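Below you'll find the structure, written out as structure tokens, and then a few comments.
Number of protein chains: 2
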Amino acid sequence: MPSRVRASDELRQAALEQFATVGFAASSLQQIADHAGYSKSSVLYHYASKEALLEAAIGPAIDLLETLLGDFVAGGRTGAARATFIESFVDFLLGNRLAVHTFVNQGQSLRGLPVIERANTAIRGLADSICDDDAPLAEQMRFGVALAGATYTLVAGATFLDDEQKVADGDVREALISVLSELLLTADSRPTR
Amino acid sequence: MPSRVRASDELRQAALEQFATVGFAASSLQQIADHAGYSKSSVLYHYASKEALLEAAIGPAIDLLETLLGDFVAGGRTGAARATFIESFVDFLLGNRLAVHTFVNQGQSLRGLPVIERANTAIRGLADSICDDDAPLAEQMRFGVALAGATYTLVAGATFLDDEQKVADGDVREALISVLSELLLTADSRPTR
DNA sequence: GTCTATACTGTGATAGAC
DNA sequence: GTCTATCACAGTATAGAC
Numbered sequence: 125m126p127s128r129v130r131a132s133d134e135l136r137q138a139a140l141e142q143f144a145t146v147g148f149a150a151s152s153l154q155q156i157a158d159h160a161g162y163s164k165s166s167v168l169y170h171y172a173s174k175e176a177l178l179e180a181a182i183g184p185a186i187d188l189l190e191t192l193l194g195d196f197v198a199g200g201r202t203g204a205a206r207a208t209f210i211e212s213f214v215d216f217l218l219g220n221r222l223a224v225h226t227f228v229n230q231g232q233s234l235r236g237l238p239v240i241e242r243a244n245t246a247i248r249g250l251a252d253s254i255c256d257d258d259a260p261l262a263e264q265m266r267f268g269v270a271l272a273g274a275t276y277t278l279v280a281g282a283t284f285l286d287d288e289q290k291v292a293d294g295d296v297r298e299a300l301i302s303v304l305s306e307l308l309l310t311a312d313s314r315p316t317r
Numbered sequence: 125m126p127s128r129v130r131a132s133d134e135l136r137q138a139a140l141e142q143f144a145t146v147g148f149a150a151s152s153l154q155q156i157a158d159h160a161g162y163s164k165s166s167v168l169y170h171y172a173s174k175e176a177l178l179e180a181a182i183g184p185a186i187d188l189l190e191t192l193l194g195d196f197v198a199g200g201r202t203g204a205a206r207a208t209f210i211e212s213f214v215d216f217l218l219g220n221r222l223a224v225h226t227f228v229n230q231g232q233s234l235r236g237l238p239v240i241e242r243a244n245t246a247i248r249g250l251a252d253s254i255c256d257d258d259a260p261l262a263e264q265m266r267f268g269v270a271l272a273g274a275t276y277t278l279v280a281g282a283t284f285l286d287d288e289q290k291v292a293d294g295d296v297r298e299a300l301i302s303v304l305s306e307l308l309l310t311a312d313s314r315p316t317r
């Protein structure tokens, strides 16, 4: 193994995989250390606590999410802006599956942690931006279903499809963008029912 | 307090609320006992183990889900069947928020438990039924996004909207059915892109 | 920088008094 | 049926050798 790979990076990656698969609360420092090939104490040398390890593991992805959602909220409400947002969002999901998986599945029980709160604030900002104007409830739901559906379809996909039909990421990307575009791009002109 | 309410029911309800809010792993028998006004040992008298408590808490909802999905898979692929399925599914979500919340947020880390596996089997059966025929990937995604989106929108709604704008359940029901119908009812005639 | 050894806390679960 | 007392164990975290 090349000495280029640093222990802290290996530990961070092992932790991310553990958090995503068995959950944060159920992950022990011992398991993480074992998976990375280090001792439990080495983990606590590189990261002051289990929470610090979570911060390091999913923090970067949360950073991306913040800028992604922030840009969309700040930007115009034009159809073109929506289109690029959809693409960015899908790419974000595909490029940060483990972190998204962790946040989606464990976020509720991790309220109060700085990383989690940052993500929640960003998401709430998006929700407010969608709901503030007098948009009909169905429109708000369409947005929620689209983003939550895309997110959780990938998360559930990781859960169910892992062993079997391994679809190519490129096809998934295209199909997801297609469905989200259907839902969101022509939303203004849709009937309420 | 009327002696009509049984201790086991109170404990089951308290456990469900704990599991849904702080998660299964993070919930302690002590907390559950405190919330219900009993001692930790009383919990273990009524339920042999923490897992048995989970079974009792979300089992009934999983039963409903099994029949719901089973009926749809067994039934025809007609538009009318889809319409009634959408309505039943939304009603199921609205009527079992805490159980759904628990399964969605904790299910991944609880693999192997009988209740969880029953639900996973039912969901996989639905997924197979949708994917078995040569449906295009976008159509499969549309189904996934619709059901996962509806599910997680309500779950996230419980997370974010609890304190503020308390939308009436009736309106949510109508809006959700509307969005799901848009996505699923005319799916056969949609273009791939 | 990585390890061993250990302290301390809280957990799920059991036994037995009432 | 509910309680107190106790168990064995796993968890995070600390101290210090090398």
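These protein sequence lines map, in sequence, to chains W and A.
FYI, this note's numbering numbers position 165 of the first sequence as 289, with every residue one higher than the one before it.
FYI, this note's numbering numbers position 55 of the second sequence as 179, with every residue one higher than the one before it.
Glycine included, each C-beta is placed from N, C-alpha and C at the ideal position.
As the structure is a prediction and not an experimental result, all values here were calculated from the model.
Across the structure, residue 154/W and residue 148/A are spaced so that their CA atoms are roughly 21 angstroms apart. Approximately 26 angstroms separates the beta-carbon atoms of residue 196/A and residue 140/A; this is outside 8 angstroms, ruling out the contact. The beta carbon of residue 217/W sits closer than 7 angstroms to the beta carbons of 224, 274, 275, 278 from its chain, once the five residues preceding and following it are set aside; these are given in chain order. DSSP places residue 244/W in the uninterrupted alpha helix (DSSP H) bounded by 238-255.
Sorting 132/A, 137/A, 143/A by C-alpha distance to the C-alpha of residue 233/A places 143/A at the top. Contact of residue 261/A with chain W is assigned, a C-beta pair being separated by under 8 angstroms.
If you draw a straight line from the Cα of residue 157/A to the Cα of residue 146/A, it comes to about 15 angstroms. By the Cβ criterion, the segment 182-198 of chain W is in contact with the segment 240-254 of chain W, since at least three pairs of Cβ atoms, one from each stretch, lie closer than 8 angstroms. Judged by DSSP in its simplified three-state form, residue 277/W adopts helix. In the displayed model, residue 310/A falls within coil according to three-state DSSP, outside both helix and strand. At a cut-off of 8 angstroms, the C-beta of residue 146/W has a neighbouring C-beta in chain A. Within the segment 212-233 of chain W, the residues whose Cβ lies closer than 9 angstroms to any Cβ of chain A are, in chain order, 225, 228, 229, 230, 231, 232, 233. Counting along the chain, the unbroken alpha helix (DSSP H) around residue 136/A starts and ends at 131-146.
Between residue 192/W and residue 213/W, the C-beta spacing is below 8 angstroms. Taking a Cβ-Cβ threshold of 9 angstroms, none of the residues of chain A is close to residue 204/W; the smallest such distance is about 18 angstroms. Taking 8 angstroms as the CB threshold, residue 173/A stays off the interface with chain W. Excluding sequence positions up to five before and after residue 272/A, its CB lies less than 6 angstroms from no other CB in the same chain. Residue contact check for residue 300/A against chain W: a CB pair falls below 8 angstroms. When Cβ pairs closer than 8 angstroms are counted between the two stretches, the segment 296-311 of chain W is seen to touch the segment 257-270 of chain W, the count reaching three or more. At a cut-off of 8 angstroms between beta-carbon atoms, residue 169/W makes no contact with chain A. Residue 228/A is classed as buried because its beta carbon has at least 16 other beta carbons within 10 Å across all chains shown. Nearest in C-alpha terms to residue 245/A, of all of 263/A, 194/A, 130/A, is 194/A. Burial check for residue 169/W: the Cβ neighbour count within 10 Å stays below 16, so the residue is exposed. Residue contact check for residue 158/W against chain A: no CB pair falls below 8 angstroms. Under the three-state reduction of DSSP output, residue 161/W falls in the coil class, being neither helix nor strand.
Excluding residues up to 5 positions away in sequence, 134, 135, 138 lie with their Cβ nearer than 6 angstroms to the Cβ of residue 160/A in the same chain. According to the DSSP assignment, residue 223/A belongs to the alpha helix (DSSP H) that extends over 221-230.
Within the segment 178-208 of chain A, not one residue has a Cβ closer than 9 angstroms to any Cβ of chain W. Nearest CB-CB separation between residue 277/W and chain A: below the 8 angstroms threshold.
Interface flag for residue 303/W against chain A is set, since a Cβ pair is found closer than 8 angstroms. Per the coordinates, the alpha-carbon of residue 297/W lies some 14 angstroms from the alpha-carbon of residue 260/A.
Taking 8 angstroms as the threshold, the shortest C-beta distance from residue 268/A to chain W falls below it.
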